[in-house]
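K.L.:
Taken in order, these protein sequences are the chains called A and B.
One point on numbering: in numbering that gives the first Met the number 0, the residue at position 45 of the first sequence is 44, and numbering is uninterrupted.
One point on numbering: in numbering that gives the first Met the number 0, the residue at position 102 of the second sequence is 101, and numbering is uninterrupted.
Provided herewith is a single structure, encoded as structure tokens, for subsequent inquiry.
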Amino acid sequence: MFFNPATRLGHCLIAILSCCFYFFSLRASAQTEEIGVFVSPNNCVALTKGRECYTRANITWRTRVSGMYCITIDTDLTPVKCWQDARRGEFVYEMSSSQNVTITLHRPNTNTLIGTAVIEVSWLYAGDNRKRRWRLF
Amino acid sequence: MFKHVTPWFTVILVSFSLSLQAETEIADELVWNLQIDLSVVSDPTELVGVTQKEESDFVELALYMDLYYKGFFIQSNKNRTRFSNFGAEIGYHLYEESNYEISLVHKSYATGFDENEIYGEGAGEDVVPELEGINSRFDTSMQGLRFLNYTDNRLFWVDVAGDLISGEHRGWAVDAFYLLTYQLRNWDIDAGIGATYFSDKTNTYLYGVSPSESRALRPAYTPGSGHVFSVEVSARYPLSASWVFNTGVSVNQYSSSISDSPLVARDTVTRFKVSVGYVF
Chain A
0 MFFNPATRLG HCLIAILSCC FYFFSLRASA QTEEIGVFVS PNNCVALTKG RECYTRANIT
60 WRTRVSGMYC ITIDTDLTPV KCWQDARRGE FVYEMSSSQN VTITLHRPNT NTLIGTAVIE
120 VSWLYAGDNR KRRWRLF
Chain B
0 MFKHVTPWFT VILVSFSLSL QAETEIADEL VWNLQIDLSV VSDPTELVGV TQKEESDFVE
60 LALYMDLYYK GFFIQSNKNR TRFSNFGAEI GYHLYEESNY EISLVHKSYA TGFDENEIYG
120 EGAGEDVVPE LEGINSRFDT SMQGLRFLNY TDNRLFWVDV AGDLISGEHR GWAVDAFYLL
180 TYQLRNWDID AGIGATYFSD KTNTYLYGVS PSESRALRPA YTPGSGHVFS VEVSARYPLS
240 ASWVFNTGVS VNQYSSSISD SPLVARDTVT RFKVSVGYVF
């Protein structure tokens with residue numbers, strides 16, 4: 000059997016590159032599998048300070064252990080959503096608040112806090128805007 | 000493109016903003032806002048022969064400033080920087096309650112014009128043939144009283160003002176505007192209706208044609224008093240904590256004493272604007 004050295008070198012390079020690609024893919028996958036609770040977007044901008052800010056926030060969470068997990072918002076202990084025998088979950092939260100909103104993931108059975116995420120509320124105009132509604136032209 | 004921002008104006012406002020930033024930290028009573036807007040505008044006027052021609056005529060860069068300090072205020076009331084005082088009005092609160100106030104106000108209620116092109120950077124060079132030979136109408140600021148009433152979603156003002164300082168025409172004007180704001184999630188949508196009344200002297204100064212200004216196709220004209228009705232709808236949306244999106248349309252309807260003037264081409268003017276602004 001005849002092997003061209005150049006062809007062999009090429010095959011080796013392809014194999015090495017494939018290994019590298021696989022390794023970095025695994026690593027990237029591991030990074031996206033980060034444990035915790037995440038929210039996107041994590042900020043909401045209102046026109047004026049003190050005004051209700053509205054946004055549709057996508058909340059995702061991941062844990063290492065399956066079980067019952069619940070999401071609560073701010074200091075309200077009533078869960079907005081719970082999952083049974085789950086290791087991950089997501090849902091869309093319709094936010095309407097003039098202040099920062101804290102999202103908490105916990106295990107109600109053991110009362111264990113798993114993680115938190117915050118949607119920060121900021122604004123464009125800090126002052127009283129009632130008198131500053133001027134004509135466009 | 001940057002026709003409305005002369006270099007000295009920019010220098011003054013930038014240095015002003017820097018000094019204000021410094022003052023804001025030490026004076027709680029001082030409230031200010033500075034905004035730069037880049038707009039695309041369809042901005043026809045009521046005047047004969049004046050049209051937007053070049054691409055740059057449709058683009059506008061403007062600086063707006065609001066400032067309140069111990070009763071004194073400067074407000075960029077109308078987003079038209081070719082008005083005198085850079086489009087701003089200056090005033091002092093004589094009386095202030097929780098949702099209404101009475102103020103002294105110094106403000107221009109009409110845009111001045113002359114025989115030159117008022118759009119573009121050719122101002123002072125391009126003579127509008129239909130306006131050739133007319134005297135300059137300045138953006139005469141008037142001085143008067145304002146009654147302003149506002150709630151969370153409603154604003155009403157009426158100004159009564161006269162030309163007390165410049166002496167250009169010694170006329171007077173009444174300007175009233177009613178505005179409703181609807182909040183639709185993070186949007187503000189404004190709907191407004193207003194009217195401006197010009198006395199004989201003010202209207203004649205703006206739209207009259209004196210014998211010395213008359214030509215074969217421009218007879219002398221004395222209009223008497225006049226008025227403008229306006230309707231506006233506009234919307235604002237915060238793009239971020241520093242950037243704002245604005246858009247709106249306004250329709251102005253001029254009385255026959257104005258639209259019959261040889262200097263005026265139409266009795267209805269519709270303007271449209273889309274802008275992005277940076278809020279300091």
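Every residue gets a Cβ at the ideal spot worked out from N, C-alpha and C, and that includes glycine.
From what residue to what residue does the beta strand (DSSP E) around B:Tyr177 run?
P.N.:
For the purposes of this step, residue 177 of chain B is taken as the residue at position 178 of the second sequence. Counted as a single uninterrupted DSSP element, the beta strand (DSSP E) harbouring B:Tyr177 occupies residues Trp171 to Leu183.
K.L.:
Does the Cβ-Cβ distance between B:Leu130 and B:Leu154 come in under 7 Å?
P.N.:
The residue labelled residue 130 of chain B in the question sits at position 131 within the second sequence. The residue labelled residue 154 of chain B in the question sits at position 155 within the second sequence. Not in contact: B:Leu130 and B:Leu154 (Cβ atoms no closer than 7 Å).
K.L.:
Any chance the region 97-111 of chain B sits against the region 125-139 of chain B, with 3 or more Cβ pairs inside 8 Å?
P.N.:
yes
K.L.:
Within 7 Å of any Cβ in chain A, is that where the Cβ of B:Arg184 sits?
P.N.:
Locating residue 184 of chain B in the second sequence gives position 185, counting from the first residue. True, the Cβ-Cβ gap to chain A drops below 7 Å.
K.L.:
Going along the chain, which residues of the region 40-59 of chain A sit with their C-beta nearer than 7 Å to a C-beta in chain B?
P.N.:
Val44, Ala45, Leu46, Cys52 and Tyr53
K.L.:
Less than 6 Å between C-beta atoms, sequence neighbours within five positions excluded: which residues of the same chain meet that for A:Ser39?
P.N.:
Translated into positions along the first sequence, residue 39 of chain A becomes position 40. Excluding positions up to five away in sequence, the list reads Asn57.
K.L.:
Since B:Val281 sits in a beta bridge, which residues does DSSP pair it with?
P.N.:
The question about residue 281 of chain B has no answer here: the residues shown for chain B are numbered 0 through 279.
K.L.:
Beta-carbon within less than 7 Å of A:Ser96's beta-carbon, same chain only, minus the 5 sequence neighbours each way: which residues are those?
P.N.:
Working through the first sequence from its first residue, we reach residue 96 of chain A at position 97. Hits under 7 Å: Glu51, Cys52 and Val120.
K.L.:
Determine whether the Cβ of A:Leu112 lies closer than 7 Å to any Cβ atom of chain B.
P.N.:
Counted from its first residue, the first sequence places residue 112 of chain A at position 113. For A:Leu112, the answer is no, since every Cβ of chain B falls outside 7 Å of its Cβ.
K.L.:
Please list the terminal residues of the continuous alpha helix (DSSP H) segment that includes A:Leu104.
P.N.:
In the first sequence, the residue the question calls residue 104 of chain A occupies position 105. Taken as a continuous stretch (DSSP letters only), A:Leu104 belongs to no alpha helix (DSSP H), being part of the beta strand (DSSP E) at Val100 to Arg106.
K.L.:
At a Cβ threshold of 7 Å, is A:Ser121 touching chain B?
P.N.:
Residue numbering aside, residue 121 of chain A sits at position 122 when the first sequence is read from its first letter. Yes - at least one Cβ of chain B is within 7 Å of the one on A:Ser121.
K.L.:
Grab me the residues of A:Leu46's own chain with a C-beta within less than 8 Å of its C-beta, minus the 5 sequence neighbours each way, in chain order.
P.N.:
Sequence index remark: in the first sequence, residue 46 of chain A carries index 47 (1-based). Within the same chain, A:Leu46 has close Cβ partners Trp122, Leu123, Tyr124 and Asn128.
K.L.:
Closest to B:Arg290 by CA distance: which of B:Tyr236, B:Thr203, B:Trp156 and B:Ser255 is it?
P.N.:
A question about residue 290 of chain B goes unanswered here, because the residues of chain B that appear run from 0 up to 279.
K.L.:
Output, in chain order, the set of chain A residues within a Cβ distance shorter than 7 Å of B:Ser239.
P.N.:
Here residue 239 of chain B corresponds to residue number 240 of the second sequence, with the count starting at 1. Near B:Ser239 (Cβ distances below 7 Å), the residues of chain A are Val44.
K.L.:
Between the C-alpha atoms of A:Thr59 and A:Tyr68, what's the straight-line distance to the nearest angstrom?
P.N.:
Taking the first residue of the first sequence as 1, we reach residue 59 of chain A at position 60. Taking the first residue of the first sequence as 1, we reach residue 68 of chain A at position 69. About 12 Å.
K.L.:
Could you compute how far the alpha carbon of B:Phe271 sits from the alpha carbon of B:Asp125?
P.N.:
As a position in the second sequence, residue 271 of chain B is number 272, starting the count at 1. As a position in the second sequence, residue 125 of chain B is number 126, starting the count at 1. Approximately 25 Å, taken between the alpha carbons.
K.L.:
Is DSSP giving B:Phe137 helix, strand or coil here?
P.N.:
In the second sequence, the residue the question calls residue 137 of chain B occupies position 138. If DSSP states are grouped into helix, strand and coil, B:Phe137 belongs with coil.
K.L.:
Return no unless some Cβ of chain A is closer than 7 Å to the Cβ of B:Val278.
P.N.:
Along the second sequence, one-based indexing puts residue 278 of chain B at 279. Yes, contact with chain A.
K.L.:
Return yes when the C-beta of A:Glu89 is under 6 Å from any heavy atom of the ligand SAH, and no when it is not.
P.N.:
The ligand SAH is absent from the structure shown, which contains no ligand whatsoever.
K.L.:
Is B:Gly207 buried or exposed, if buried means 16 or more other CB atoms sit within 10 Å of its CB?
P.N.:
What you label residue 207 of chain B is simply residue 208 of the second sequence in a count that begins at 1. Label assigned to B:Gly207: buried.
K.L.:
Rounding to the nearest angstrom, what Cα-Cα distance links B:Pro367 and B:Asp113 in this structure?
P.N.:
Residue 367 of chain B cannot be examined here, being either before or after the span of chain B that is shown, 0 to 279.
K.L.:
From the DSSP output, read off the bridge partner residues of B:Pro237.
P.N.:
Position 238 of the second sequence holds residue 237 of chain B. Answer is B:Val243.
K.L.:
Nearest by alpha-carbon distance to B:Val173: which of B:Arg184, B:Asp189 and B:Tyr196 is it?
P.N.:
As a first step, residue 173 of chain B is located in the second sequence; it is residue number 174 there, counting from the start. It is B:Tyr196.
K.L.:
Using the Cβ count rule (16 or more neighbours within 10 Å means buried), how would you classify A:Cys43?
P.N.:
Counting from one through the first sequence, the residue named residue 43 of chain A turns up at place 44. Buried, by the Cβ-count rule.
K.L.:
Under a three-way DSSP split, which group does B:Phe271 fall into?
P.N.:
Your numbering for residue 271 of chain B matches position 272 in the second sequence. Looking at B:Phe271 - three-state DSSP - the assignment turns out to be strand.
K.L.:
According to a CB-to-CB cut-off of less than 7 Å, which residues of the region 25-49 of chain B neighbour chain A?
P.N.:
Val30 and Asn32
K.L.:
Against chain A, which members of the region 226-254 of chain B pass a CB distance test of less than 9 Å?
P.N.:
Per Cβ criterion, the list reads Ser229, Glu231, Val232, Ser233, Arg235, Tyr236, Pro237, Leu238, Ser239, Ala240, Ser241, Trp242, Val243, Asn245, Thr246, Gly247, Val248, Ser249 and Asn251.
K.L.:
Taking just the CA atoms, how far does B:Leu147 sit from B:Trp156?
P.N.:
Numbered from 1 along the second sequence, position 157 holds the residue referred to as residue 156 of chain B. Numbered from 1 along the second sequence, position 148 holds the residue referred to as residue 147 of chain B. Near 4 Å, if we compare the C-alpha coordinates of B:Leu147 and B:Trp156.
K.L.:
Rounded to the nearest angstrom, what separates A:Asn41 and B:Gln182 at their Cα positions?
P.N.:
Translated into the one-based positions of the first sequence, residue 41 of chain A becomes position 42. Translated into the one-based positions of the second sequence, residue 182 of chain B becomes position 183. Answer to the nearest angstrom: the Cα atoms are 22 Å apart.
K.L.:
DSSP three-state label for B:Ile257, please.
P.N.:
Indexing the second sequence from 1 puts residue 257 of chain B at position 258. Three-state DSSP puts B:Ile257 in a helix.
K.L.:
Short check: CB of B:Asp187 to CB of B:Ser224, under 7 Å?
P.N.:
For the purposes of this step, residue 187 of chain B is identified with residue 188 of the second sequence, where counting begins at 1. For the purposes of this step, residue 224 of chain B is identified with residue 225 of the second sequence, where counting begins at 1. Not in contact: B:Asp187 and B:Ser224 (Cβ atoms no closer than 7 Å).
K.L.:
Quick check on the DSSP output: the alpha helix (DSSP H) that includes B:Asp158 runs from which residue to which?
P.N.:
Position 159 of the second sequence, counting from 1, holds the residue named residue 158 of chain B. That residue, B:Asp158, is in no alpha helix (DSSP H); its beta strand (DSSP E) goes Arg153 to Gly161.
K.L.:
Is the CB of B:Val127 under 7 Å away from at least one CB in chain A?
P.N.:
The residue given as residue 127 of chain B occupies position 128 in the second sequence. No, its Cβ sits nowhere closer than 7 Å to a Cβ of chain A.
K.L.:
Output yes if chain A places a C-beta closer than 7 Å to the C-beta of B:Asp174; else output no.
P.N.:
For the purposes of this step, residue 174 of chain B is identified with residue 175 of the second sequence, where counting begins at 1. With 7 Å as the cut-off, B:Asp174 does not count as an interface residue toward chain A.
K.L.:
Drop a sphere of 10 angstroms on the beta-carbon of A:Thr71, count the other beta-carbons inside from all chains shown, and report buried for 16 or more, exposed for fewer.
P.N.:
Working through the first sequence from its first residue, we reach residue 71 of chain A at position 72. In the assembly as shown, A:Thr71 is a buried residue. Its beta-carbon has 16 or more other beta-carbons within 10 Å.
K.L.:
Is the region 229-246 of chain B touching the region 157-165 of chain B, taking contact as three or more C-beta pairs under 8 Å?
P.N.:
no
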